[in-house]
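Trainee: Numbering (my numbering), first residue to last: 6 to 179.
All residues carry an ideal CB built from backbone N, CA and C; glycine is no exception.
Got a structure for you, questions after.
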């Protein structure tokens with residue numbers, strides 16, 4: 006990670022949330038459109054753990070409540086996402102490093118989406134109902150997992166952020 010990213014991550018305690026970038030700010034909007042870089046866990050494991058704690062506090066903050074968040078949304082141009090797993094017992098939030106969608110179903114479903122970086126706006130978006138995701142966990146272990154339902158939508162939305170894509174880019178023109 007770059008020195009600037011490390012400073013942003015460590016400038017507050019791990020139980021303090023980040024400020025969320027929004028498209029309402031031109032500089033933030035440009036940043037949100039950039040491609041994220043991979044994380045090297047061999048060099049940045051402690052920082053990734055610290056970062057994940059602050060990401061969790063960010064989506065649990067009453068002013069930013071959400072079901073997922075991507076590193077670029079808080080000013081860190083790295084491939085890290087936090088997703089609430091509605092497909093698991095107790096619906097935990099989990100961190101995913103360098104996630105990529107390996108494949109997705111042809112069948113799609115229309116569903117309502119919103120975004121912490123696009124305040125006060127929701128819209129209906131078509132998304133594949135099933136995806137296969139490859140990622141690394143905080144221990145550096147590689148996983149490949151098939152995910153469906155609402156959790157699949159969250160993964161797709163957050164991985165889009167890593168590629169500079171916002172959910173509004175998927176809207177059908179009328």
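Under 9 Å between the Cβ atoms of residue 20 and residue 50?
Mentor: Your numbering for residue 20 matches position 15 in the chain shown. Your numbering for residue 50 matches position 45 in the chain shown. Contact: no.
Trainee: Let me know the secondary structure DSSP gives residue 87 once reduced to three states.
Mentor: The residue you call residue 87 lines up with position 82 of the chain shown. Three-state DSSP puts residue 87 in a strand.
Trainee: Return the chain-ordered ranges of every beta strand (DSSP E) run that is complete within the stretch 14-85 and spans a minimum of 3 residues.
Mentor: Restricting attention to beta strand (DSSP E) runs no shorter than 3 residues, the stretch 14-85 encloses them at 73-75, ordered along the chain.
Trainee: So the candidates are 144, 152, 147; which of them puts its Cα closest to the Cα of residue 133?
Mentor: For the purposes of this step, residue 133 is taken as residue 128 along the chain shown, with counting starting at 1. Closest by alpha carbon: 152.
Trainee: If you drop the 5 nearest sequence neighbours on each side, which residues of the same chain put their C-beta closer than 7 Å to that of residue 46?
Mentor: Along the chain shown, one-based indexing puts residue 46 at 41. Closer than 7 Å at the Cβ level, and outside the excluded window around residue 46, lie 53, 102, 141, 145.
Trainee: Look at the alpha carbon of residue 139 and the alpha carbon of residue 104, and state the distance between them as a whole number of angstroms.
Mentor: Along the chain shown, one-based indexing puts residue 139 at 134. Along the chain shown, one-based indexing puts residue 104 at 99. Going by the C-alpha atoms only, they are around 6 Å apart.
Trainee: Do you know how far the Cα of residue 74 is from the Cα of residue 167?
Mentor: One-based indexing of the chain shown puts residue 167 at position 162. One-based indexing of the chain shown puts residue 74 at position 69. Taking the straight line from one Cα to the other gives about 10 Å.
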